[in-house]
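This report refers to the structure that appears directly beneath it.
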Amino acid sequence: VVTIESMTASATVSVTFAANVYDVTFRYGETIYQQTSVSYGESVTQPEDPTLKGHTFAGWTPEVPETMPDSVLTFTAQFTVNQYTATFRIPEDNWEQVLTLDYGAAITAPTAPAKPGYTFAGWDKEIPATMPDNDLVFTGSYTQNRQGLTLSATGNGAVTYGEASVRAASQNFDVAELSTVVLTVTSDVGHHIATLLLNGEDALSQLSADGKLTIESMTASVTVAVTFAANVYDVTFRYGETVYQQTSVSY
Numbered sequence: 149v150v151t152i153e154s155m156t157a158s159a160t161v162s163v164t165f166a167a168n169v170y171d172v173t174f175r176y177g178e179t180i181y182q183q184t185s186v187s188y189g190e191s192v193t194q195p196e197d198p199t200l201k202g203h204t205f206a207g208w209t210p211e212v213p214e215t216m217p218d219s220v221l222t223f224t225a226q227f228t229v230n231q232y233t234a235t236f237r238i239p240e241d242n243w244e245q246v247l248t249l250d251y252g253a254a255i256t257a258p259t260a261p262a263k264p265g266y267t268f269a270g271w272d273k274e275i276p277a278t279m280p281d282n283d284l285v286f287t288g289s290y291t292q293n294r295q296g297l298t299l300s301a302t303g304n305g306a307v308t309y310g311e312a313s314v315r316a317a318s319q320n321f322d323v324a325e326l327s328t329v330v331l332t333v334t335s336d337v338g339h340h341i342a343t344l345l346l347n348g349e350d351a352l353s354q355l356s357a358d359g360k361l362t363i364e365s366m367t368a369s370v371t372v373a374v375t376f377a378a379n380v381y382d383v384t385f386r387y388g389e390t391v392y393q394q395t396s397v398s399y
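Okay, structure coming up:
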C-alpha cells in the first residue's frame with residue numbers, strides 16, 4: 149500500500165510487476181540430478197532421462213506440468229527393474245533350462261540331470277551371486293566314471309583284453325563305467341584252465357565255448373584271476389595184449 153498524504157500538486161505513480169521465480173528440482177534418489185529456476189508461467193523443461201544400471205527410466209513423479217505454477221517443484225525419477233535371462237545348458241544331452249530374473253536377484257543354478265556312468269563336472273564359468281545387467285549362458289559338462297579291472301594269469305596261458313595280453317602276471321586297466329568287457333582266456337598247448345575266479349567267485353561256468361568271458365555294465369571294480377595247469381596224459385606199456393605198466397604224466 150502506498151499512501152500519498154496532503155496532495156498539493158499532480159502526482160504520477162508508476163508500478164512495474166515481475167513474475168516470481170521458483171526453484172525446480174529433479175532428484176535421482178537422494179541426489180539432485182538437475183536444479184533450475186523458472187519464472188511463473190514459463191515452460192518447465194524436463195532434463196534428459198537419467199540412467200540407472202539394470203533399470204529403465206519410467207518418468208518423473210509427480211507429473212511435470214507444462215508451465216510453472218506459483219510454487220517450488222520437486223520431481224523424483226522413477227525406474228522399473230530390467231529382467232535378464234540366465235541359460236543353463238548341456239548341449240551333448242540336449243538339455244537346457246532358462247531362468248528369467250530381475251537385475252540384482254539371486255542366481256541359483258538348477259540341478260543338472262543325473263547321467264548314468266558319469267559325474268557332473270560343473271559349469272564352464274563362475275556363476276555370480278546376483279543377476280548382472282546382461283544375459284548369461286552357462287554350459288555344463290560331465291566326466292565319465294572309471295572302474296578298475298585287474299587281470300591275473302598264473303601258469304601257461306593268457307587273458308586278453310583288447311590289444312593287451314596278460315601272461316604269468318597281473319595287470320590293472322582303467323575301464324569306463326557301465327561298459328561291457330569281453331575277455332578271452334586261452335591256454336597254451338598241453339594246458340587247460342584250472343580255475344577262473346571273478347571277484348573271488350568261481351566263474352568257469354560263465355566261460356563260453358570259444359573262451360570268452362563277458363562282464364556286462366561294469367559298475368564297480370572287477371578282478372579276474374585265471375590259473376592254468378598242465379594236462380595229464382596216460383602212458384601205457386604193453387606186453388602183447390597185457391598192460392605191462394601204466395602211468396599218468398603231465399605235459
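Here the working numbering is used: position 224 in the sequence shown is 372, and no number is missing along the way. Cβ atoms here follow ideal geometry from the backbone N, Cα and C, with glycine treated the same way. A quick note: this is a predicted structure, and the numbers were derived from the prediction, not measured.
What is the DSSP secondary structure of residue i, counted as helix, strand or coil?
i      : result
Glu240 : helix
Ser369 : coil
Ser154 : coil
Ser219 : coil
Ser162 : coil
Val353 : Note on residue identity: the sequence assigns Ser, not Val, to residue 353. In the structure shown, Ser353 sits in a helix (DSSP, three-state: H, G or I).
Tyr381 : strand
Asp358 : coil
Tyr176 : strand
Leu326 : coil
Asn320 : strand
Asp197 : coil
Ala312 : strand
Whose C-alpha, out of the options, is nearest the C-alpha of residue i?
i      : options                        : result
Gln226 : His203, Leu284, Ile341, Thr173 : His203
Ile180 : Ala260, Asp171, Ser187         : Asp171
Val212 : Val163, Thr193, Ser318         : Thr193
Val220 : Asp281, Lys201, Thr184         : Thr184
Asp358 : Gly388, Ser313, Val330         : Val330
Val229 : Thr308, Thr362, Asn282, Gln394 : Asn282
Lys400 : Thr267, Thr375, Arg294, Val285 : Residue 400 lies beyond the residue range present for the chain, which begins at 149 and ends at 399; the question has no answer from this structure.
Using the DSSP secondary-structure output, state which residues sit across from residue i in a beta bridge.
i      : result
Asp171 : Ser185
Met284 : Looking at the sequence shown, residue 284 is not Met but Leu. The partner list for Leu284 (beta bridge, DSSP) reads Ala234.
Val333 : Val307
Gly270 : Ser289
Thr390 : Tyr387
Val212 : Per DSSP, none; premise fails for Val212.
Ile363 : Val329
Given a threshold of 16 other Cβ atoms within 10 Å of its Cβ, counted over all protein chains shown, does residue i qualify as buried or as exposed?
i      : result
Asp174 : First, the amino acid is wrong: residue 174 is Phe here, not Asp. Phe174 comes out buried.
Phe165 : exposed
Met155 : exposed
Ser335 : buried
Gly177 : exposed
Ala167 : exposed
Gly310 : exposed
Ala234 : buried
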